[in-house]
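Here's the structure, in structure tokens; my notes come after.
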Amino acid sequence: DEVQILGDKSRGVNVETLLTLISRAKPGQFIGLSAVLTEQDGKALSEWLEVQLVRVPHREKHLLYECRTPTKRLTFHTEMPDQGISEEPHQPDTATELQALIHECMDANGGKLIVVFCMRKQDIYDGCTNYCLSKGYNLENAPLLEGLSQGTTEAEFLSATMPHRVAIHCADLVEEDRLKVEEAIKNGDVDLVFATSTLAAGVNFPLGTAIFYSWERWNFERRRREPILASEFHNMAGRCGRMGAEHESGRVIFLANDKFHHKSVVRDFLNPVHLDTLESQVSPDHFTPLVLQLAASNVVDGEDDALTFLKATFSASRELQVNAAGLDHWDEPFQKAVASLREWSFLR
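Going by the working numbering, the sequence shown opens with residue 381, and the numbers climb by one from there.
So, in structure tokens, the structure goes:
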């Protein structure tokens, strides 16, 4: 599931290694799933894995995408894609601040669960706390709820908010707490959940509306905030309007300034057809740690086998498509990687 993670900068190498292992093993049946691959990337992946491409270009339940700025409202409806992105002046009673937007959606949700996606874990706690305080909820000295873990800050926080039908979901939660929150979501015991992308991959909850607390993430290498990829945005947005949920459609809302620097990004967020090209993360620059990983885990049993494995990756297939000279230029960096690992006594 979520096979597009192959292009993720932090996890892509591991996913591609796993897929290469599966491909080499020639399983009787393999199914890879993704809702955010371009048709071209889907075709390339299916050819590499030697599987049939099954493409469903339309959603079973439609989504209304909405971007609000202080002066206008931009919308796109997947049920009417030919209409494109509509633009209308901002209405005075239309919220353009996060907390006001949450209150507006809560008043009009009609029983549909709302998720507020945050790029930072701290935003989850801040957003959830601010909402509860704005409603006058008492979050002090709440008794520990049954089913939550003992002695964790997250369990104490959930014990204070969940009686008011508000929850959080992030990587901080231990399994007991995560299962408690997910059970409450499935059973309709919460109306609002603040979450990171942990709630955006491989889950099927009855979410009716997705609000983006923000859509930029800090890039530690460049020391600046940058927009998330359109494919990640649409993967998170696609948690709404799921099959099996009672509501017939979903709603996705995010905020922007009138003078935002990423107008093309906003347009891509509004239209789920605009997806990022899948960028493989295996390259000669990564050979040293990858060769060590392959050797240490007994995936390969020698130098020749390691090079053969690397040349069987999706990255190699992509390289062969654009480089008429083939993969011979991978040999030198591979030998340098092996030599370095031997020099450091990581390989015999």
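Just so it is clear, CB atoms sit at the ideal spot from N, CA and C, and this is done for glycine as well.
Can you name the residues that DSSP bridges to residue i?
{"i": "residue 620", "result": "587"}
{"i": "residue 605", "result": "598"}
{"i": "residue 524", "result": "According to DSSP, which records beta bridges pairwise, residue 524 is partnered with nothing at all."}
{"i": "residue 468", "result": "453"}
{"i": "residue 634", "result": "447, 592"}
{"i": "residue 677", "result": "Paired residue(s): none; residue 677 is not in a bridge."}
{"i": "residue 629", "result": "442"}
Would you mind reading off the limits of the alpha helix (DSSP H) that contains residue i?
{"i": "residue 401", "result": "392 to 405"}
{"i": "residue 564", "result": "555 to 567"}
{"i": "residue 422", "result": "419 to 429"}
{"i": "residue 452", "result": "Residue 452 -> not in any alpha helix (DSSP H); beta strand (DSSP E) instead, spanning 452 to 457."}
{"i": "residue 549", "result": "Run containing residue 549: none in the alpha helix (DSSP H); it sits in the beta strand (DSSP E), 546 to 549."}
{"i": "residue 778", "result": "Outside the shown range of the chain (381 to 728) lies residue 778, about which nothing can therefore be said."}
{"i": "residue 665", "result": "Residue 665 -> no alpha helix (DSSP H), and no H or E assigned at all."}
{"i": "residue 716", "result": "711 to 723"}
{"i": "residue 478", "result": "478 to 488"}
{"i": "residue 694", "result": "694 to 702"}
{"i": "residue 690", "result": "683 to 690"}
Are there any heavy atoms of the ligand ZN lying less than 8 angstroms away from the beta-carbon of residue i, as far as the coordinates show?
{"i": "residue 608", "result": "No copy of the ligand ZN occurs in the structure displayed, which carries no ligand at all."}
How is the beta strand (DSSP E) around residue i delimited, first residue to last?
{"i": "residue 447", "result": "442 to 448"}
{"i": "residue 496", "result": "493 to 497"}
{"i": "residue 645", "result": "From DSSP, residue 645 is part of no beta strand (DSSP E) but of the alpha helix (DSSP H) over 643 to 650."}
{"i": "residue 531", "result": "Looking at the DSSP string, residue 531 is not in any beta strand (DSSP E), and its letter there is neither H nor E."}
{"i": "residue 574", "result": "572 to 575"}
Contact check, residue i vs residue j under 8 angstroms by CB: the rounded distance?
{"i": "residue 694", "j": "residue 399", "result": "7 angstroms"}
{"i": "residue 578", "j": "residue 551", "result": "6 angstroms"}
{"i": "residue 404", "j": "residue 692", "result": "6 angstroms"}
{"i": "residue 670", "j": "residue 662", "result": "7 angstroms"}
{"i": "residue 593", "j": "residue 487", "result": "Not confirmed; about 19 angstroms, so no contact."}
{"i": "residue 664", "j": "residue 710", "result": "6 angstroms"}
{"i": "residue 522", "j": "residue 528", "result": "Not a contact, Cβ separation roughly 11 angstroms."}
{"i": "residue 451", "j": "residue 469", "result": "7 angstroms"}
{"i": "residue 605", "j": "residue 597", "result": "7 angstroms"}
{"i": "residue 730", "j": "residue 449", "result": "In the structure as shown, the chain starts at 381 and stops at 728, and residue 730 therefore has no counterpart that could be examined."}
{"i": "residue 574", "j": "residue 485", "result": "Wrong, their Cβ atoms sit about 13 angstroms apart, outside the cutoff."}
{"i": "residue 611", "j": "residue 434", "result": "Rounded, the Cβ-Cβ distance is 19 angstroms, inconsistent with contact."}
{"i": "residue 591", "j": "residue 653", "result": "No, residue 591 and residue 653 are not in contact; Cβ-Cβ is about 22 angstroms, not under 8 angstroms."}
{"i": "residue 524", "j": "residue 561", "result": "That belief does not hold up - the Cβ atoms of residue 524 and residue 561 are roughly 14 angstroms apart, past 8 angstroms."}
{"i": "residue 631", "j": "residue 589", "result": "4 angstroms"}
{"i": "residue 689", "j": "residue 700", "result": "Incorrect: roughly 15 angstroms between the Cβ atoms, too far for contact."}
{"i": "residue 393", "j": "residue 614", "result": "Actually they are not in contact, since the Cβ atoms of residue 393 and residue 614 sit about 23 angstroms apart, beyond 8 angstroms."}
{"i": "residue 565", "j": "residue 505", "result": "Residue 565 to residue 505, Cβ: 18 angstroms. No contact."}
{"i": "residue 619", "j": "residue 587", "result": "5 angstroms"}
Indicate whether at least one CB of chain B lies closer than 9 angstroms to the CB of residue i.
{"i": "residue 619", "result": "Looking at the structure shown, chain B is missing, and only one protein chain is on hand."}
- Examine the Cβ distances between the stretch 715 to 724 and the stretch 423 to 441 and report whether three or more of them are shorter than 8 angstroms. No, because fewer than three Cβ pairs between the stretch 715 to 724 and the stretch 423 to 441 fall closer than 8 angstroms, the two stretches do not touch.
- Would you say the stretch 453 to 471 touches the stretch 512 to 523, given that touching needs at least three Cβ pairs under 8 angstroms? no
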